[in-house]
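Novice:
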Amino acid sequence: MNLDQTVDHLADIVEGLLHGSEEFLCTLEFTQAEALAEVLDAGHHTSTAARLMHRWALTEPDWGEDEEHVATLSHWLMLSVADAPVGVAS
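Okay, so the sequence shown: first residue is 9 according to this note's numbering, each after it adds one.
Next comes the structure, spelled out in structure tokens:
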């Protein structure tokens, strides 16, 4: 299995978790979620990465209080919203 296939498989796993396991997101620290999103983005799975970070932000209501994370999360949130079909929430 090459790296592209590995990242594709990882994206499939993350998509499955996003659709079925809220607990998965609650276990991730910001740095872990960000690193996972960066790998997905580099592997051309930007929409999955953006949804991951969007959902992470929803599970962390105080993320806006951490100035260090605001710019990063704002970037991912804009990508997530831009990718969402009209009338569909992430």
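Don't be surprised by glycine CBs; every beta carbon is placed ideally from N, CA and C.
1) Are the region 45-55 and the region 11-25 in contact at 8 Å, needing three or more beta carbon pairs?
2) Taking DSSP as the reference, what is the three-state secondary structure of leucine 29?
3) Considering just the uninterrupted stretch of the alpha helix (DSSP H) at leucine 48, what are its terminal residues?
4) Have a look at serine 88 and threonine 67 and give me their C-alpha separation to the nearest angstrom.
5) Using the C-alpha atoms, what's the distance from aspartate 16 back to histidine 77?
Specialist: In short, the structure shows the following:
1) yes
2) According to the sequence provided, residue 29 is serine. The question's leucine does not apply to it. Three-state DSSP puts serine 29 in coil, outside helix and strand.
3) 38-50
4) 15 Å
5) 27 Å
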